[in-house]
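These notes concern the structure reproduced below.
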Amino acid sequence: MRVAIQGTRGAFSEKAARTQWPDMETVACREVGDAVAAVREGRADAGCLAIENSLVGSVTPTYDLLHEAFGDGELHLSREVLLPVHHSIMGVPGAKLEQVTHVLSHPVALGQCRVWLARHLPNATLVNAWDTAGSAEIVARAGDPTQAAICSAHAAREYGLQVFEDRIEDDPTNQTRFLTFTRVPTPDNEQATIQKTSLIVWTDHRPGMLAAVLQAFAGRGVNLTSLQSRPERSAPWTYRFYFDVEGARGEARLAEALESIEALASRIVILGSYAAWQGEGAREQAPRQSMPHHQPKPDLPLFDRRQRPEGTIVQVGNVVIGGDRPVLIAGPCSVEDEAMILATAEGVAKAGADMLRGGAFKPRTSPYDFQGLGVKGLKFLAEARDRTGLPIVTEVMSWEEVPLVARYADMLQIGARNMQNFALLRAAGRSGKPILLKRGGGATIEEWLHAAEYVLSHGNPNVVMCERGIRTFERATRHTLDLNAVAIVRERTHLPVIADPSHAAGMRAIVPALTHAALAAGAQGAIIEVHPDPDHAMSDGAQSLDIPTFAKLAAQIRAYAAVEA
Ligand code: PEP
Ligand code: MN
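Numbering-wise, the sequence shown is residues 73 to 637 according to our numbering.
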């Protein structure tokens, strides 16, 4: 195997290439472009290029070559290689470090040894060479004791130089990432279980275009490993974006993301897929189940009671939902300010609540109503959790905000209005947090169960169903608490079922009665709106209990449960 590298014998690129082709013959090239040309023209069978250094960042000459090298599909990216890079400084045999006036190396290597050079050779002239090993070759040939080279210790042996000091790099974690490529595709790499794909995207000069491209990956759970922008030559102040993502281009999730970027972007060039580094320092995970929109259908739905006749327990912090003890979740409709949520949290904790609820992002019927405090609300909730120890549940309204809300909340609520927001359900599946799934006000039981199936089938087994009232012809109450659904859904699914009597009633007077009724029908807990001053609440005050009324209700529930036990 003849392998073209930028640099000469003893270069780091050669060492990287040897991890793939131990018996290779080195084809030394002056510039990265020459290495690509050597493979294209058949003077070499494969090549290896440095693309990024962990201290200095991108190797820009390589980036600027990627389009030309791989854009037409004639060459094939093969593997990614991570190589620890340790530098030594060396001179001719018999020379002393104090004599050195000129230090030669590749500019990236000089950049990696700044601290050592400033301390030991502050007055030396730094001379850029084409490559690290090449500078050793120059020093050896010149035989001049005032010259030193920075390169691998291995190059010192190669060129008969004497090492002044080893490991002079500024940071011992220093590593370089290389890409190998071949003229003939290598099938073993295409079958590698963990792959990466690199692409270039050009976007229109309009607000949000880059975000839209990123969302095409994020919305499908495709992990980004690198994003780099480079100026577009001959079009000043315009840019192209280089993306590396996990996965092979044919994988369903990635293929779908690429299809959508193709539609969004002004141009996309896929450079190729290749085996991700699997040795020391590897960061890529084995691909998760793929197929965002085409999952194979299981024989039994995942929600089906027969999957787990004993029932599922969902654990939120140290609270168990789905066991024999009814779970009480209490708190205001909206987090209104810091003092109010802290007072409510302390009140309901003392009254025996297991968890705290509170909306930070509110789905309001009118755009002129209070929309919630947003991120501030999440922070206040987290503070309330710290003070009381109660895990918190709060609503997330859009898939884009799932990572944000999941950073603060112990459980994510999907509200009635969003029960069939499928992008949100998929993101909830990937969120890693337990989900409280409310039934839509106009949703059938079947639709509600299939909404849960979305979350389950996207990898999240922790779903709690919440009946919160449906719209009927009756107008005396806000909604009608569907106790039939509570009883039936308990039979149809192994998932825990709780009730929200507050939103069903719309009036506080009947909330205690509905809570008892729901528990009698089989609900394994209740989520109840509680406000320190319900008549002045910013949302849903009419249906909110004050703290003493909640305390009384909680005491009754605990007493009944004790009798039952
Ligand atoms: C809420 O819990 O405050 C809420 C908006 O609930 P739902 O989605 O059930 O209306
Ligand atoms: Mn509410």
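Glycine included, each C-beta is placed from N, C-alpha and C at the ideal position.
Since the model is a prediction, treat every value here as computed from it, not as a measurement.
Worksheet item: Hey, which residues come within less than 7 Å of ligand 2, measuring from Cβ to any heavy atom, in chain order?
Response: Those residues are 405, 431, 574, 575, 601, 611, 612, given in chain order.
Worksheet entry | Segments of 4+ residues assigned as alpha helix (DSSP H) that fall wholly inside the stretch 251-323 | You should have 259-262, 281-290.
Worksheet item: Assuming residue 312 and residue 345 make a contact with CB atoms under 8 Å, what is their CB distance in whole Å?
Response: About 20 Å; that fails the 8 Å criterion.
Practice prompt. Please go through the same chain and pick out, in chain order, the residues whose beta-carbon is closer than 6 Å to the beta-carbon of residue 167, but skip the five residues on each side of it.
Written response: Beyond the five residues adjoining it in sequence on each side, residue 167 comes within less than 6 Å, by CB distance, of 217 in the same chain, given in chain order.
Discussion item. For residue 537, list the residues DSSP reports as bridge partners.
Written reply: In DSSP, residue 537 forms a bridge with 509, 569.
Discussion item. Would the stretch 289-308 count as touching the stretch 171-179 if we require 3 or more Cβ pairs under 8 Å?
Written reply: Too few Cβ pairs lie closer than 8 Å, so no.
Fill in: 7 Å Cβ cutoff met for residue 234 and residue 130
In this structure, residue 130 does not lie closer than 7 Å to residue 234 by Cβ.
Practice prompt. Could you say which of 221, 133, 465 lies nearest to residue 535 if we only look at CA atoms?
Written response: Taking only the C-alpha atoms, the option nearest residue 535 is 465.
Item to complete: Kindly list the residues whose CB is nearer than 6 Å to the CB of residue 56, restricted to its own chain and excluding five residues on each side of it in sequence; keep chain order.
Response: It is not possible to answer for residue 56, since the shown part of the chain is limited to 73 through 637.
Item to complete: Give me the Cβ distance between residue 258 and residue 148, rounded to the nearest whole Å; I'm assuming they're in contact under 8 Å.
Response: Right, their Cβ atoms sit about 7 Å apart.
Worksheet entry | Residue range of the unbroken alpha helix (DSSP H) whose run includes residue 123 | Residue 123 -> not in any alpha helix (DSSP H); beta strand (DSSP E) instead, spanning 118-125.
Practice prompt. With a threshold of 6 Å, establish whether the CB of residue 540 neighbours any heavy atom of ligand 1.
Written response: Yes, Cβ of residue 540 sits closer than 6 Å to a heavy atom of ligand 1.
Discussion item. Can you find the residues in the same chain that come closer than 7 Å, C-beta to C-beta, to residue 432, ignoring five residues on each side of it along the sequence?
Written reply: Around residue 432: 407, 444, 445, 446, 449, 450, 453, 466.
Practice prompt. Can you grab the Cα-Cα spacing for the pair residue 21 / residue 337, in whole Å?
Written response: With the chain running from 73 to 637 in the structure shown, residue 21 is simply not present.
Worksheet item: Heavy atom of ligand 1 less than 6 Å from the Cβ of residue 402, yes or no?
Response: The answer is no for residue 402.
Practice prompt. Could you name the residues of the same chain whose beta carbon sits closer than 7 Å to that of residue 573, not counting the 5 residues immediately before and after it, in chain order?
Written response: By the criterion of a C-beta distance shorter than 7 Å, residue 573 is surrounded in its chain by 553, 583, 586, 587, 590, 598, 600, once the five residues flanking it on both sides are discounted.
Worksheet item: Closer than 6 Å: is that where the CB of residue 487 sits relative to any heavy atom of ligand 1?
Response: Residue 487 Cβ: within cutoff of ligand 1.
Fill in: DSSP-derived helix/strand/coil call for residue 551
Coil at residue 551, not helix or strand.
Worksheet item: Rounded to whole angstroms, how far is the Cβ of residue 539 from the Cβ of residue 557, which I believe are closer than 8 Å?
Response: In this structure residue 539 is in contact with residue 557, their Cβ atoms being roughly 5 Å apart against a cut-off of 8 Å.
Worksheet item: Is the beta carbon of residue 208 sitting closer than 7 Å to the one on residue 227?
Response: Their beta carbons are under 7 Å apart, which means residue 208 touches residue 227 by this criterion.
Discussion item. Restricting to Cα atoms, I'd like to know which of 368, 314, 158, 438 is closest to residue 343.
Written reply: Measuring from the Cα of residue 343, the nearest candidate turns out to be 314.
Practice prompt. Report the three-state DSSP secondary structure of residue 200 (helix, strand or coil).
Written response: Three-state DSSP puts residue 200 in a strand.
Item to complete: Use the C-beta contact count for residue 159: other C-beta atoms within 10 angstroms, 16 or more gives buried, fewer gives exposed.
Response: When all chains shown are included, residue 159 counts as buried.
Discussion item. So, at 7 Å on beta carbons, what are the nonlocal neighbours of residue 353 in its own chain, with the 5 sequence-adjacent residues on each side left out?
Written reply: Answer for residue 353: 154, 247, listed in chain order.
Worksheet item: Going by C-alpha distance, which of 189, 183, 165 is nearest residue 211?
Response: The closest CA to that of residue 211, considering only 189, 183, 165, is found on 165.
Fill in: Cβ contact (3+ pairs, closer than 8 Å) linking the stretch 387-398 and the stretch 409-417
Using a Cβ-Cβ distance cut-off of 8 Å, the stretch 387-398 and the stretch 409-417 are not in contact, since fewer than three pairs of beta carbons, one from each stretch, lie closer than that value.
Discussion item. Buried or exposed for residue 334, going by 16 or more other Cβ atoms inside 10 Å?
Written reply: Exposed is the call here.
Worksheet item: Leaving out the 5 sequence neighbours to the left and right, which residues in its chain are closer than 7 Å to residue 163 when beta-carbon positions are compared?
Response: Excluding sequence neighbours, residue 163 sits near 172, 211, 217, 219, 220, 233, 234, 236.
Worksheet item: Per DSSP, what kind of secondary structure is residue 146 in: helix, strand or coil?
Response: In the structure shown, the three-state DSSP call for residue 146 is coil.
Worksheet item: Given that a residue counts as buried once 16 or more other Cβ atoms are within 10 Å of its Cβ, and exposed if not, what is residue 252?
Response: If you draw a 10 Å sphere on the C-beta of residue 252, you find 16 or more other C-beta atoms in it, and that means buried.
Discussion item. Using only CA atoms, which one of 127, 197, 110 lies nearest to residue 649?
Written reply: Since the displayed the chain opens at 73 and closes at 637, residue 649 lies outside it and no answer follows.
Worksheet item: Do residue 403 and residue 384 have their C-beta atoms closer together than 7 Å?
Response: Against a cut-off of 7 Å, the Cβ pair of residue 384 and residue 403 comes out as no contact.
Worksheet item: Taking buried to mean at least 16 other C-beta atoms within 10 Å of its own C-beta, is residue 635 buried or exposed?
Response: Counting other Cβ atoms within 10 Å of its Cβ, residue 635 stays below 16 and is therefore classed as exposed.
Discussion item. Contact criterion: CB-CB distance below 7 Å. Does residue 483 meet it with respect to chain D?
Written reply: The structure shown has no chain D; it contains just one protein chain.
Discussion item. According to DSSP, simplified to helix, strand and coil, what is residue 385?
Written reply: Coil.
Discussion item. My output table needs one value for residue 585: the three-state DSSP class, helix, strand or coil.
Written reply: In the displayed model, residue 585 falls within a helix according to three-state DSSP.
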